[in-house]
């Protein structure tokens, strides 16, 4: 590597694309980070946010953390003094060891998410916490767990979606509750537009008229929370028009007949009243999808609402009634996970190290748990920034101020969360360590290759926890496995027939030479072996046995429903500290429909407070026909510390749990628009 001028690597952000990256170096020092022109998805260009941040904050000496730090001021002030690794690890080991000796190891909480989706950097630290016996904050509950559990109940699997290469056989592609133009920009510009050019009809279903929706052949702009009702209306049209394969239902679906009354009741006209989508458009979209073969891209936004799990079960019913499975060009995708490429995640996390694993808690319970000294006496966050990205923001930050809560943060930068930590450990970035990256979308495996050294004493996540395991006196060999050995073992589980060096030379490999057909053979991993629309698993959890044709009531009493999807310039909270990104973002705004603005006497640029029982957020008004009446659009990800009022949209988000899996309901948030002078 030392003599190379260019290194191929892979972007490990929380994104569908898994872009190929080329890093130019001189004398071993990184000069420029660019898109790989030889990569089939990236085609030479990174997305705008990564192109800026990887040549900005990610390599900025004044922003990166380079040495362990110990708090010297009050929690929240961000005052620290540098210390050595030995001192930092000794302090942590002493505190954790004392809690273990008291039998209180379960009061050590750890929280993590997708600061990197590299397999080693993202998951290796779990080994340490399994051995320790600490309590995990379930990572997916802050994002997408309701959808995963709903699909697992119905199909037995949520992580093996359609192979995008089968789009060549698809006549229709429905993008439901996703905005690829921001969250999968290369798939949007490449895969989706190529499918459209080849003759596939693109249908977008989303409350926001984002760029993907505007480029679609048909956009159904439904009211937030009415997805299940719309899905039932689609099925109604298919049933009425004789487009349902009754033999398929009889052979492969459990509970179809029990849904007949709800399907009959949800006419396109009734759905129009509930969803706000014209009945003629519902009919057009339903027939196009039902004619098949059709692909359904299930966006994570659908399930981030109070009845999000039910919405996914209703969409699963649509897939079942349409018969869009088991053939090329048919299927659904939530995300493609490691198992579809042969990788067993237990190889990385070593659950056998957990002798008596405590139950995980939901992110929706994080603030309340951290408030309670009986349940939380230590807290470790890594690969995430909960003070910016978790709900109940004010309550959470107040809980983090507890002087008796020992808090360790593993980070690249000072963040809103590190400001409360007792010990901050500096982490290496993806440019500074080897790893494997799996696309959420394409069935590929990619090399993340070290291109330079981390700043100062910063270390990869895996090495940090190897050293911490040694400081704790742990001796299990799994806690000390090298990255190289683990990467080799993981790669051997995939169909890729080479070494990590071989993969590094090409950057990315497609692991299956021919496109895979989702659920080929129509075998499902449910207890019955069939698609379970009628779910005993759901019933055992106190949920309805069948999905419901539900639609949320619209906001009342002057409230607006706040939708906070991904921004064009951030990846969750990543990049929020990059100066150029901050300039691109501009001041925080809420986009309102012209009717809502006129009703409130608001003009473009007016300053207002979004306020509810959780908190208030100062924003500027922008008026846009991309939103619906009663909907406010405010993109997520800003750092509170870089925002007016020291708050972002999560200051408005309660800890309310979804109907399934105790997951986030961020898109169910409602707030008032208050002029600042009226709030004083």
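Residue numbers (the working numbering): 2 to 681. For each residue, glycine too, the CB sits at the ideal point set by N, CA and C. Quick caveat, the model's predicted, so the values are computed rather than measured.
For residue i, the first and last residue of its enclosing beta strand (DSSP E)
i, result
"residue 412", "407-412"
"residue 563", "561-564"
"residue 298", "295-299"
"residue 684", "Outside the shown range of the chain (2 to 681) lies residue 684, about which nothing can therefore be said."
"residue 593", "590-593"
"residue 111", "109-113"
"residue 72", "70-72"
Residue i - DSSP class collapsed to helix/strand/coil
i, result
"residue 538", "helix"
"residue 126", "helix"
"residue 449", "strand"
"residue 618", "strand"
"residue 143", "helix"
"residue 504", "helix"
"residue 190", "helix"
"residue 509", "strand"
"residue 583", "helix"
"residue 436", "strand"
"residue 2", "Legend: pLDDT at residue 2 = 46, less than 50; position of this residue unreliable, no value from coordinates given."
"residue 612", "strand"
"residue 59", "helix"
"residue 344", "coil"
"residue 517", "coil"
"residue 150", "helix"
"residue 674", "strand"
"residue 636", "coil"
"residue 315", "helix"
Residue range of the alpha helix (DSSP H) that includes residue i
i, result
"residue 273", "269-276"
"residue 31", "Unbroken run through residue 31 is the beta strand (DSSP E), 30-36; no alpha helix (DSSP H)."
"residue 304", "Premise fails: residue 304 is in no alpha helix (DSSP H) and is neither H nor E."
"residue 281", "280-292"
"residue 213", "212-216"
"residue 234", "228-241"
"residue 463", "462-472"
"residue 203", "Looking at the DSSP string, residue 203 is not in any alpha helix (DSSP H); the run it does join, the beta strand (DSSP E), is 202-206."
"residue 264", "261-266"
Cβ-Cβ separation, residue j to residue i (assumed contact under 8 Å), whole Å
i, j, result
"residue 128", "residue 480", "6 Å"
"residue 142", "residue 363", "4 Å"
"residue 473", "residue 89", "Not really, about 13 Å apart at Cβ, beyond 8 Å."
"residue 354", "residue 523", "About 38 Å; that fails the 8 Å criterion."
Residue i burial status per 10 Å Cβ neighbour count (16 or more: buried)
i, result
"residue 27", "exposed"
"residue 224", "buried"
"residue 565", "buried"
"residue 600", "exposed"
"residue 503", "exposed"
"residue 294", "buried"
"residue 30", "exposed"
"residue 9", "buried"
"residue 604", "exposed"
"residue 132", "buried"
"residue 82", "exposed"
"residue 122", "buried"
"residue 85", "exposed"
"residue 73", "exposed"
"residue 671", "buried"
"residue 557", "exposed"
"residue 215", "exposed"
"residue 678", "exposed"
Cβ shell of residue i (< 7 Å), same chain only, five flanking positions each side left out
i, result
"residue 547", "256, 259, 260, 534 and 535"
"residue 372", "400"
"residue 92", "424"
Other residues of its chain near residue i: CB distance less than 6 Å, five sequence neighbours each side excluded
i, result
"residue 79", "420"
"residue 247", "none"
"residue 361", "137 and 139"
"residue 166", "516"
"residue 540", "546"
"residue 235", "287 and 319"
"residue 119", "13, 436, 438 and 449"
"residue 381", "111 and 409"
C-beta neighbour in chain C for residue i, strict 7 Å
i, result
"residue 609", "You won't find chain C in this structure, because it holds only one protein chain."
Chain-order list of residues whose beta-carbon lies under 8 Å from that of residue i (same chain, five-residue window excluded)
i, result
"residue 38", "23, 44 and 45"
"residue 660", "147, 307, 308, 309, 310, 311 and 544"
"residue 623", "590, 591, 592, 593, 605 and 606"
Residue i: CB within 6 Å of a non-hydrogen atom of the ligand ZN
i, result
"residue 12", "Absence of the ligand ZN is noted for the structure shown, with no ligands found whatsoever."
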